[in-house]
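Colleague: Take this structure, written in structure tokens, and hold onto it; I'll ask about it next.
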Amino acid sequence: MSMHDQKTVAIVGGSGYAGGEFLRLALNHPHLNVTQVTSERNAGTPVSMVHPNLRGRTNLKFRKAADLDEADIIVLALPHGSAAKKIAEYEARGKIIVDLSADFRLKDPEVYRATYGEDHPTPEKLGEWVYGNPELHREDLRGATRIACAGCFATSVILALYPLLKLGVLLPKDIIATGLVGSSAAGASASDASHHPERAGSLRVYKPVGHRHTAEAQQELPGHFPLHLTAISTPRVRGILTTAQAWIPDGYSDRDVWSAYREVYAHEPFIRIVKVAKGIHRYPDPMLLDGTNYCDIGFEMDQDTGRVVLMSAIDNLVKGTAGHAIQSLNIALDWPETTGLEFAGLHPA
Numbered sequence: 007m008s009m010h011d012q013k014t015v016a017i018v019g020g021s022g023y024a025g026g027e028f029l030r031l032a033l034n035h036p037h038l039n040v041t042q043v044t045s046e047r048n049a050g051t052p053v054s055m056v057h058p059n060l061r062g063r064t065n066l067k068f069r070k071a072a073d074l075d076e077a078d079i080i081v082l083a084l085p086h087g088s089a090a091k092k093i094a095e096y097e098a099r100g101k102i103i104v105d106l107s108a109d110f111r112l113k114d115p116e117v118y119r120a121t122y123g124e125d126h127p128t129p130e131k132l133g134e135w136v137y138g139n140p141e142l143h144r145e146d147l148r149g150a151t152r153i154a155c156a157g158c159f160a161t162s163v164i165l166a167l168y169p170l171l172k173l174g175v176l177l178p179k180d181i182i183a184t185g186l187v188g189s190s191a192a193g194a195s196a197s198d199a200s201h202h203p204e205r206a207g208s209l210r211v212y213k214p215v216g217h218r219h220t221a222e223a224q225q226e227l228p229g230h231f232p233l234h235l236t237a238i239s240t241p242r243v244r245g246i247l248t249t250a251q252a253w254i255p256d257g258y259s260d261r262d263v264w265s266a267y268r269e270v271y272a273h274e275p276f277i278r279i280v281k282v283a284k285g286i287h288r289y290p291d292p293m294l295l296d297g298t299n300y301c302d303i304g305f306e307m308d309q310d311t312g313r314v315v316l317m318s319a320i321d322n323l324v325k326g327t328a329g330h331a332i333q334s335l336n337i338a339l340d341w342p343e344t345t346g347l348e349f350a351g352l353h354p355a
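Heads up: the sequence shown runs through residues 7 to 355, numbered per my numbering.
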């Protein structure tokens, strides 16, 4: 392949987990050529000092964002609230902008204010961005130049619920979803909560109500049912396992749930329905998805009560962040959707 078949990529904020994961995937992508990675703290040092898994894969050194050159694609892997404040600077340097933060996910400035506690810096730009969930927005992503990548917990919730809400398989009642979340979802910055003696072995409820991903899940899901999210931190580094409690109408059965998933996700390359009668791997398990772009979805129904428990598992850094960013770019640029995302995971892990 000649260099003319490639797009240059600059990753802004590349020392964090999301930026590092995008870099890992991009280095294995035949159409992406990462030319710049920024980090204010690590400027001048080799990228592999921060991301040791990339030793021998790249000779790039971090540079300061002020030294950013033009690139075909600018990937923003900055703390929430940072990208929107300087978006005009990034738009001047790249035709395609991919934001991994929450800055452009919400369409309504009022919802943004209610969710993040401040006014959006550039509310007039919110309508220009496509929500980076390929399963819901594939057609919108074709040719897109502004991609706002979805939140990881939101992704696991949306993908589990979307087919059933779209096809009317659930009753219009409150849906309660609980996410067991790996520590990498909190980002690379250390805190009291991430201190090893406090984190190791802990199952800590850190957001029983008011999770910020509720707003984007409600924005994206059909029917506008009341949705309630609870997040629990786990000792795992990667992964989210979400269980959602919902109710189906009288006369419905397992078959209707199966049919909804099959109808909506029949041709999705990264959705797998996991509901097996035997063995120990009967339901989704994030351990099997480390490093992959899959979302595994399962369910079990209580026929006596009509309660259905939906389960979804993802790697929060791949399908929850950098992987669906690559998948969205593949669609936007008319490349095969699975390009650079073929890793099948490990077992045992």
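Positions of the beta carbon are idealized from the N, C-alpha and C atoms, including for glycine. Predicted, not measured: the structure shown is a model, and the values here were computed from it.
For the ligand MN, I want to know if Ile286 counts as a neighbour, meaning its beta carbon is within less than 7 Å of at least one of the ligand's heavy atoms.
Modeller: In the structure on display, the ligand MN does not appear, and there are no ligands present to speak of.
Colleague: What three-state label does DSSP hand Ile337 in the structure shown?
Modeller: Here residue 337 refers to the residue found at position 331 of the sequence shown. Three-state DSSP puts Ile337 in a helix.
Colleague: Taking the straight line between their C-alpha atoms, what separation do you get for Gln309 and Val315?
Modeller: For this step, residue 309 is matched to residue 303 along the sequence shown. For this step, residue 315 is matched to residue 309 along the sequence shown. When rounded, the distance between both Cα atoms is 11 Å.
Colleague: Are the CB atoms of Ser239 and Ser190 within a distance shorter than 8 Å?
Modeller: For the purposes of this step, residue 190 is identified with residue 184 of the sequence shown, where counting begins at 1. For the purposes of this step, residue 239 is identified with residue 233 of the sequence shown, where counting begins at 1. Contact flag unset, no.
Colleague: Determine, using beta-carbon pairs with one atom in the region 159-167 and one in the region 183-198, whether at least three such pairs fall under 8 Å.
Modeller: Judged by Cβ distances under 8 Å, the region 159-167 makes contact with the region 183-198, as three or more pairs qualify.
Colleague: Assuming Ser54 is part of the alpha helix (DSSP H), what are its boundary residues?
Modeller: Counting from 1 along the sequence shown, the entry for residue 54 is found at position 48. Ser54 -> alpha helix (DSSP H) spans Val53 to Val56.
Colleague: Exposed or buried, which one is Trp135 when buried takes at least 16 other CB atoms within 10 Å?
Modeller: By one-based count along the sequence shown, residue 135 stands at place 129. Buried, because 16 or more other Cβ atoms sit within 10 Å of the Cβ of Trp135.
Colleague: With a 10 Å radius around its C-beta and 16 neighbouring C-beta atoms as the bar for buried, classify Asn139 as buried or exposed.
Modeller: Looking up residue 139 in the sequence shown gives position 133. Counting Cβ neighbours within 10 Å, Asn139 comes out buried, since at least 16 surround it.
Colleague: Given a threshold of 16 other Cβ atoms within 10 Å of its Cβ, counted over all protein chains shown, does Ser8 qualify as buried or as exposed?
Modeller: On the sequence shown, residue 8 is found 2 positions in, with the first residue counted as 1. Interpretation of Ser8 is limited by its pLDDT of 45, a score under 50 that renders its predicted location unreliable; the figure taken from the coordinates is listed afterwards. Exposed, by the Cβ-count rule.
Colleague: Among Val53, Leu106, Ala266 and Asp198, which one has its Cα closest to the Cα of Val175?
Modeller: Start at 1 with the first residue of the sequence shown, and residue 175 comes out as number 169. Among Val53, Leu106, Ala266 and Asp198, the Cα nearest to that of Val175 is on Ala266.
Colleague: Report back the beta-carbon spacing between Lys101 and Asp78 to the nearest angstrom; my notes put them in contact at under 8 Å.
Modeller: Here residue 101 refers to the residue found at position 95 of the sequence shown. Here residue 78 refers to the residue found at position 72 of the sequence shown. Yes, Lys101 and Asp78 are in contact; Cβ-Cβ is about 6 Å, under 8 Å.
Colleague: Which residues share a DSSP beta bridge with Phe68?
Modeller: The residue you call residue 68 lines up with position 62 of the sequence shown. According to DSSP, which records beta bridges pairwise, Phe68 is partnered with Val43.
Colleague: For Asp180, count the other beta carbons within 10 Å of its own beta carbon; 16 or more makes it buried, fewer makes it exposed. Which is it?
Modeller: By one-based count along the sequence shown, residue 180 stands at place 174. Result: exposed.
Colleague: At what residues does the alpha helix (DSSP H) containing Trp264 begin and finish?
Modeller: Mapped onto the sequence shown, residue 264 falls at position 258. From DSSP, the alpha helix (DSSP H) with Trp264 extends over Asp260 to Tyr271.
Colleague: For Pro292 and Ala194, what's the separation of their Cα atoms in angstroms?
Modeller: For the purposes of this step, residue 292 is taken as residue 286 along the sequence shown, with counting starting at 1. For the purposes of this step, residue 194 is taken as residue 188 along the sequence shown, with counting starting at 1. Roughly 20 Å between the two C-alpha positions.
Colleague: When DSSP labels each residue in this structure, what does His35 get in the three-state scheme?
Modeller: For the purposes of this step, residue 35 is identified with residue 29 of the sequence shown, where counting begins at 1. DSSP places His35 in coil when its eight states are reduced to three.
Colleague: Would you grab the beta carbon distance between Leu33 and Thr64 for me? Rounded to a whole angstrom, and I think it's under 8 Å.
Modeller: Position 27 of the sequence shown, counted from the start, is the residue given in the question as residue 33. Position 58 of the sequence shown, counted from the start, is the residue given in the question as residue 64. The pair is a contact, with the Cβ atoms about 6 Å apart (cut-off 8 Å).
Colleague: So Arg119 is in the alpha helix (DSSP H); what residue range does that whole segment cover?
Modeller: Taking the sequence shown and counting its residues from 1, the one referred to as residue 119 is at position 113. Here the alpha helix (DSSP H) through Arg119 covers Pro115 to Tyr122.
Colleague: What are the start and end residues of the alpha helix (DSSP H) that includes His202?
Modeller: Start at 1 with the first residue of the sequence shown, and residue 202 comes out as number 196. Its alpha helix (DSSP H) spans residues His202 to Arg205.
Colleague: Which of the three DSSP states, helix, strand or coil, is assigned to Val315?
Modeller: One-based indexing of the sequence shown puts residue 315 at position 309. Looking at Val315 - three-state DSSP - the assignment turns out to be strand.
Colleague: Could you check where the alpha helix (DSSP H) with Leu235 kicks off and where it finishes?
Modeller: The residue given as residue 235 occupies position 229 in the sequence shown. Not the alpha helix (DSSP H): Leu235 falls in the beta strand (DSSP E), residues Leu233 to Ser239.
Colleague: On a CA-only basis, which of Tyr271, His230, Ala355 and Pro214 is nearest Val243? Give me that one, please.
Modeller: Your numbering for residue 243 matches position 237 in the sequence shown. Per the Cα distances, Ala355.
Colleague: Kindly identify the DSSP beta-bridge partner or partners of Thr248.
Modeller: To locate residue 248, count along the sequence shown from 1; it is residue 242. Per DSSP, Gly185 and Ser318.
Colleague: Could you give the C-beta distance for Ala319 and Leu295, rounded to a whole number, given that I count them as a contact under 8 Å?
Modeller: On the sequence shown, position 313 is the one that residue 319 refers to. On the sequence shown, position 289 is the one that residue 295 refers to. Their Cβ separation, rounded to whole angstroms, is 6 Å, which keeps Ala319 and Leu295 in contact under 8 Å.
Colleague: State whether the region 251-259 contacts the region 323-337, with contact taken as three or more CB pairs (one from each stretch) at a distance under 8 Å.
Modeller: Counting Cβ pairs under 8 Å, fewer than three are found: no touch.
Colleague: For my contact list, Ala49 and Phe28 are in at a C-beta cut-off of 8 Å; report their separation, rounded to the angstrom.
Modeller: Residue 49 sits at position 43 when you count from the first residue of the sequence shown. Residue 28 sits at position 22 when you count from the first residue of the sequence shown. Not a contact, Cβ separation roughly 19 Å.
Colleague: Below 7 Å CB to CB, which residues in the same chain sit around Glu226 once its five sequence neighbours on both sides are set aside?
Modeller: By one-based count along the sequence shown, residue 226 stands at place 220. Only Tyr137, Asn139, Leu142 and Ile164 meet the Cβ criterion.
Colleague: Taking the alpha helix (DSSP H) that Tyr212 belongs to, which residues open and close that run?
Modeller: For this step, residue 212 is matched to residue 206 along the sequence shown. Where Tyr212 is concerned, there is no enclosing alpha helix (DSSP H), although the beta strand (DSSP E) it sits in stretches over Arg210 to Lys213.
Colleague: Are there 16 or more other CB atoms within 10 angstroms of the CB of Val53, so buried, or fewer, so exposed?
Modeller: As a working note, residue 53 is residue 47 in the sequence shown. With 16 or more Cβ atoms within 10 Å of its Cβ, Val53 is classed as buried.
Colleague: Among the candidates Ile246, Arg261, His230 and Gly229, whose CA atom is the shortest distance from the CA of Ala237?
Modeller: Against the sequence shown, residue 237 aligns to sequence position 231. Ranking the options by Cα distance to Ala237, first place goes to Ile246.
Colleague: Tell me the rounded alpha-carbon separation between Glu103 and Ala94.
Modeller: Here residue 103 corresponds to residue number 97 of the sequence shown, with the count starting at 1. Here residue 94 corresponds to residue number 88 of the sequence shown, with the count starting at 1. Per the sequence shown, residue 103 should be read as Ile rather than Glu. So the alpha carbons of these two residues sit roughly 11 Å apart.
Colleague: Can the beta-carbon of Leu170 be found less than 8 Å from the beta-carbon of Val263?
Modeller: By 1-based counting over the sequence shown, the position of residue 170 is 164. By 1-based counting over the sequence shown, the position of residue 263 is 257. Closer than 8 Å, so yes.
Colleague: Is the beta carbon of Thr344 closer than 8 Å to that of Val275?
Modeller: Within the sequence shown, residue 275 is the residue found at index 269, counting from 1. Within the sequence shown, residue 344 is the residue found at index 338, counting from 1. Contrary to the premise, residue 275 reads as Pro rather than Val in this sequence. Contact flag set, yes.
Colleague: Tell me, which residues are paired with Cys301 by DSSP?
Modeller: Counted from its first residue, the sequence shown places residue 301 at position 295. Paired residues: Ile277.
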